[in-house]
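Per our numbering, the very first residue in the sequence shown carries number 1; after that it's consecutive.
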Amino acid sequence: MKRKITSALISVYHKEGLDNIIRCLQKNRVKIYSTGGTFDYIKNLNIDCTKVEDITGYPSIFDGRVKTLHPKIFGGILSIRDNSNHQKEAKDFDIPNIDLVIVDLYPFEETIAKGSDEVEIIEKIDIGGISLIRAAAKNFNDILVVSSSKQYDELYSLLEENSCNTNIEIRKKFAKEAFGVSSHYDSAIFNWFDNNNSSELRISLTDSVHLRYGENPHQNAKFFGKLDDFFIQLHGKEISYNNLLDCDAAVNLINDFKDTTVAILKHNNACGLASRENLCEAWKAALAGDHISAYGGVIISNRIIDINTALEINKIFFEVIIAPNYSKEALELLTQKKNRIILILKNTQVQPTQIRTVLNGFLFQERDLSTETTKNFKIVTNLQPTNSQTNDLIFANKIVKHTKSNAIVLAKNNQLIASGTGQTSRVDALLQAIEKAKKFKFSLQGAVMASDAFFPFEDCVKIATAEGIKAVIQPGGSIRDNESINFCNEHDVAMVFTEVRHFKH
């Protein structure tokens with residue numbers, strides 16, 4: 001069903017790119033109605049235009065809060081062209097048909113982002129614009145609605161190529177996009193009023209990118225959000241779904257480390273991590289933790305990658321590297337492999353909340369942002385940890401926080417020696433970590449152990465002590481804590497409770 005555009009209502013905040021559209025409408029003898037600043041803009045182009053006030057008989061009132069809210073405007077938009085009763089009423093009340101509505105909305109989100117006060121924010125809640133958009137979108141059988149300046153180029157091409165004629169498919173497409181604009185706008189307003197209290201879950205993201213596939217090649221996937229606000233991609237292939245999961249895990253992990261640190265991740269878990277005064281030495285120590293799992297992994301550093309570090313990193317195959325920046329020489333070296341994804345981390349501020357789908361709904365929680373220090377330590381054994389052990393306990397506890405449960409982390413001298421990840425029992429996680437440490441020729445004498453949750457029995461401290469571990473950090477809270485404490489006291493092992501559990505599923 002084709003419709004010829006003979007009249008248009010234009011009232012917009014963003015005017016860049018509008019001039020070509022207006023000239024095209026003039027060329028096709030389309031009558032134009034407008035308001036306020038848009039009317040002035042059109043008149044400055046020496047194009048005829050009729051003020052909305054001349055139709056309604058009312059001026060813009062209440063400091064511009066009421067301009068288009070009038071039956072003669074909404075009647076011209078909502079009347080059904082093929083309905084004889086509607087058209088009779090339009091004629092009786094002198095209501096002109098409006099075939100094209102070009103309206104965008106006050107920049108509400110932008111006003112919040114720049115830190116405006118409440119009065120200014122409230123004034124950026126659009127009333128007339130949102131009403132016009134919804135009305136025009138509802139009547140898409142007859143009306144073409146343009147709800148965003150992002151559509152100006154598409155609209156201009158459409159008008160030029162079709163001499164201001166539209167078909168039902170185009171009108172319905174623009175209507176769908178209009179309701180997307182209006183629902184996003186209303187979600188932003190609600191979330192501002194809700195003040196991050198999450199009384200209701202309202203998520204609206206308009207930016208998205210298709211990914212090559214999901215976790216597996218047979219699964220379709222998209223990323224919703226502005227990835228360019230977080231990373232600058234300097235080189236390599238498109239980032240995949242699994243890459244993004246690893247990148248998220250990597251950024252959350254590295255955020256807990258202030259010293260010069262390198263981490264290597266595989267399937268969202270650290271397989272290597274070390275802190276050193278020198279970045280290259282940090283890399284070597286991290287890789288030594290598990291050079292096998294590092295193959296095809298994600299590397300992250302909290303320091304600029306220099307040429308010496310790049311020379312060492314370049315010796316292995318990896319998928320992604322993330323850093324604050326790269327020296328010129330390092331970048332020239334690392335970009336020699338065309339598929340390597342090389343990212344600059346622009347923003348370390350991750351979302352403070354987490355959402356995931358479960359059954360027929362969503363789970364929502366605050367992100368685990370707790371990072372324990374000596375202020376949180378409750379030393380429960382007769383023996384206190386040494387300064388060196390205390391540093392390693394803090395180090396290991398940071399890693400175990402970011403490791404899939406059940407998790408055990410073994411560390412020494414600010415180096416991840418081994419970890420047991422995602423096991424169904426804590427004993428299995430510990431045994432996995434011990435086996436891995438031995439596989440890579442690490443001595444556990446003097447190492448420390450971190451657990452993401454309490455030990456329900458003394459078995460883990462028994463096994464760890466037999467391997468030479470001398471200090472333990474865990475949340476505590478088991479009804480059998482005394483069994484573990486007594487065993488540690490009998491075998492000169494220091495144990496610290498944090499009273500903070502770090503399950504990660």
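For glycine and all other residues, C-beta sits at the position ideal for the given N, C-alpha and C. The structure presented is a predicted model; accordingly, all values stated were derived computationally and were not measured.
Start and end residues, beta strand (DSSP E) containing residue i
{"i": "V298", "result": "G297 to S301"}
{"i": "S451", "result": "V448 to S451"}
{"i": "C247", "result": "Where C247 is concerned, there is no enclosing beta strand (DSSP E), although the alpha helix (DSSP H) it sits in stretches over Y241 to I254."}
{"i": "A466", "result": "First-last for A466: D459 to A466, but that is the alpha helix (DSSP H), not the beta strand (DSSP E)."}
{"i": "H235", "result": "F231 to H235"}
{"i": "E366", "result": "G361 to E366"}
{"i": "K91", "result": "Premise fails: K91 lies in the alpha helix (DSSP H), S84 to D92, not in any beta strand (DSSP E)."}
{"i": "K222", "result": "K222 to F224"}
{"i": "E109", "result": "From DSSP, E109 is part of no beta strand (DSSP E) but of the alpha helix (DSSP H) over F108 to A113."}
{"i": "S208", "result": "S208 to H210"}
{"i": "Q354", "result": "T353 to V358"}
{"i": "E319", "result": "F318 to A323"}
DSSP bridge partner residues for residue i (one or two, in chain order)
{"i": "T166", "result": "R3"}
{"i": "K266", "result": "N269"}
{"i": "F190", "result": "Answer by DSSP bridge pairing: none, since F190 is not bridged."}
{"i": "G420", "result": "I408"}
{"i": "L100", "result": "A8 and L144"}
{"i": "T371", "result": "Beta-bridge pairing links T371 to no other residue."}
{"i": "T506", "result": "Look at the range of the chain in this structure, 1 to 505, and you will see that residue 506 is not part of it."}
{"i": "F497", "result": "K378 and Q474"}
{"i": "V66", "result": "I61"}
Distance between residue j and residue i (C-alpha atoms, nearest Å)
{"i": "E483", "j": "E458", "result": "6 Å"}
{"i": "T35", "j": "A8", "result": "12 Å"}
{"i": "N382", "j": "P217", "result": "55 Å"}
{"i": "L18", "j": "K27", "result": "14 Å"}
{"i": "V358", "j": "L333", "result": "44 Å"}
{"i": "I264", "j": "I307", "result": "19 Å"}
{"i": "H502", "j": "D368", "result": "8 Å"}
{"i": "H291", "j": "I239", "result": "23 Å"}
{"i": "N83", "j": "G75", "result": "13 Å"}
{"i": "V66", "j": "G128", "result": "7 Å"}
{"i": "V400", "j": "N414", "result": "13 Å"}
{"i": "S507", "j": "K138", "result": "Since the first residue shown for the chain is 1 and the last is 505, residue 507 is missing from the structure and cannot be characterised."}
{"i": "L279", "j": "T498", "result": "30 Å"}
{"i": "G296", "j": "F223", "result": "22 Å"}
{"i": "N376", "j": "P475", "result": "10 Å"}
{"i": "C49", "j": "F93", "result": "22 Å"}
{"i": "A188", "j": "T166", "result": "32 Å"}
{"i": "R480", "j": "N387", "result": "28 Å"}
{"i": "S148", "j": "D186", "result": "15 Å"}
{"i": "G214", "j": "N220", "result": "5 Å"}
{"i": "L132", "j": "I125", "result": "14 Å"}
{"i": "D492", "j": "K284", "result": "32 Å"}
{"i": "P71", "j": "R29", "result": "25 Å"}
{"i": "A113", "j": "W192", "result": "11 Å"}
Range covered by the alpha helix (DSSP H) that runs through residue i
{"i": "Q389", "result": "N387 to K401"}
{"i": "R23", "result": "L18 to K27"}
{"i": "E312", "result": "I307 to I313"}
{"i": "T348", "result": "Per DSSP, T348 belongs to no alpha helix (DSSP H) and is neither H nor E."}
{"i": "Y41", "result": "G36 to N44"}
{"i": "A136", "result": "G128 to K138"}
{"i": "F508", "result": "Residue numbering for the chain in the displayed model covers 1 to 505; residue 508 lies beyond these limits and cannot be assessed."}
{"i": "D290", "result": "Careful: D290 lies outside any alpha helix (DSSP H) and carries neither H nor E."}
{"i": "F257", "result": "Looking at the DSSP string, F257 is not in any alpha helix (DSSP H), and its letter there is neither H nor E."}
Contact check, residue i vs residue j, beta carbons under 7 Å
{"i": "Y106", "j": "Y13", "result": "yes"}
{"i": "S478", "j": "F454", "result": "yes"}
{"i": "I417", "j": "F442", "result": "yes"}
{"i": "N252", "j": "V350", "result": "yes"}
{"i": "A411", "j": "D392", "result": "yes"}
{"i": "I98", "j": "I122", "result": "no"}
{"i": "L155", "j": "V146", "result": "yes"}
{"i": "T56", "j": "I10", "result": "no"}
{"i": "N302", "j": "T261", "result": "yes"}
{"i": "A450", "j": "N397", "result": "yes"}
{"i": "T403", "j": "T390", "result": "no"}
{"i": "S437", "j": "I469", "result": "The residue asked about is misnamed: residue 437 is Ala in this sequence, not Ser. Not closer than 7 Å, so no."}
{"i": "A288", "j": "I305", "result": "no"}
{"i": "V500", "j": "S370", "result": "yes"}
{"i": "N268", "j": "L244", "result": "no"}
{"i": "A175", "j": "F230", "result": "no"}
{"i": "I300", "j": "I254", "result": "yes"}
{"i": "P385", "j": "A250", "result": "no"}
Three or more C-beta pairs below 8 Å linking the region 308-328 and the region 200-209: no
Are at least three pairs of beta-carbons, each pair with one atom in the region 264-273 and one in the region 340-355, less than 8 Å apart? no
Would the region 158-167 and the region 102-120 be scored as touching if the rule is three or more Cβ pairs under 8 Å? no
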